[in-house]
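Start counting the sequence shown at 0; every next residue gets the next number (numbering that gives the first Met the number 0).
Note that CB positions come from ideal geometry on N, CA and C, so glycine has one too.
In what follows, a structure is listed as structure tokens, so that the remarks can point back to it.
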Amino acid sequence: MTRLQEDPLDAAVGQLTQLAALVGLVGPDDYAVPHRALHGSTIGQHVRHCLDHFDSFARGVSASGPDCEIDYDARPRDPRIEVDPAAAGEHARALAIAVRAAVADRGIASPVAVRCACGESGEITAQASSLGRELQFLVSHTVHHLAMISAMCRELDVAVDDAVGVAPSTLRHRARTGGRA
Numbered sequence: 000m001t002r003l004q005e006d007p008l009d010a011a012v013g014q015l016t017q018l019a020a021l022v023g024l025v026g027p028d029d030y031a032v033p034h035r036a037l038h039g040s041t042i043g044q045h046v047r048h049c050l051d052h053f054d055s056f057a058r059g060v061s062a063s064g065p066d067c068e069i070d071y072d073a074r075p076r077d078p079r080i081e082v083d084p085a086a087a088g089e090h091a092r093a094l095a096i097a098v099r100a101a102v103a104d105r106g107i108a109s110p111v112a113v114r115c116a117c118g119e120s121g122e123i124t125a126q127a128s129s130l131g132r133e134l135q136f137l138v139s140h141t142v143h144h145l146a147m148i149s150a151m152c153r154e155l156d157v158a159v160d161d162a163v164g165v166a167p168s169t170l171r172h173r174a175r176t177g178g179r180a
């Protein structure tokens, strides 16, 4: 079972480590197979999407001066990450280092402005947040994509730990109740 990390930075780095390990289990052909139940998306597309968010975080935190800004809509969307599980694993491991370094330079309580469109118009206003809160967002966002990725993996007979893609609160609840929902 996946060990729960209480510190948001450790939890975020743990998610990146889990993504890297998971893509290591999937062959290149299965990694790029469209899954009809998930709108034709692939494991690689979900992995790339998660890594893009971490990339936006790391770039925004490390590139900004005293006024830190993260723009989740300015994602790199590297197509290589969608089709090459080895490249995705390597990128996830590099991001784990970059995220840890970026937060270490500023501290988890540091304020940050966050940009992300919420509607179709594309109008974006920056919202105040903190690095810790954004790490919590990244963990939650990644857990939900890992749920879809793990379902796709199971459909392809790739053995995935039962804890992958399960929210930390659900894992704690299951531990307290002996596995009952």
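Asked	Found
Is the separation between the beta-carbon of V163 and that of D29 shorter than 9 Å?	no
Do L15 and V98 have their beta-carbon atoms positioned less than 9 Å apart in this structure?	yes
Check each candidate in V165, H48, A85, A103 and name the one with the smallest Cα separation from L130.	A103
Taking all protein chains shown into account, do 16 or more other C-beta atoms lie within 10 angstroms of the C-beta of H38, making it buried, or fewer, making it exposed?	exposed
Between the stretch 46 to 64 and the stretch 74 to 89, are three or more C-beta pairs nearer than 8 Å?	yes
Does the stretch 58 to 76 come close enough to the stretch 159 to 179 to have 3 or more Cβ pairs within less than 8 Å?	no
Kindly indicate the opening and closing residues of the alpha helix (DSSP H) around I123.	Taken as a continuous stretch (DSSP letters only), I123 belongs to no alpha helix (DSSP H), as it is neither H nor E.
The beta strand (DSSP E) that contains D70, what's its start and end?	68 to 70
Return the CA-CA distance between A73 and V12, expressed in angstroms with no decimal places.	21 Å
Any idea which residues DSSP pairs V60 with across the strands?	Answer is none; V60 lacks a bridge partner.
Counting only beta-carbon separations shorter than 9 Å, does A127 have a partner in chain D?	Here chain D cannot be found, since the structure has a single protein chain.
Is Q135 closer than 9 Å to P184 when the C-beta atoms are compared?	Residue numbering for the chain in the displayed model covers 0 to 180; residue 184 lies beyond these limits and cannot be assessed.
Check whether the Cβ atoms of V159 and S149 lie closer than 9 Å to each other.	yes
Would you call I80 buried or exposed, if buried means 16 or more other Cβ atoms sit within 10 Å of its Cβ?	buried
According to the neighbour-count rule (16 or more other Cβ atoms, all chains shown, within 10 Å of its Cβ), is T124 buried or exposed?	exposed
Measure the Cβ-Cβ separation of V113 and Q126 and say whether it is below 9 Å.	yes
In the DSSP assignment, the alpha helix (DSSP H) including R153 goes from what residue to what residue?	130 to 154
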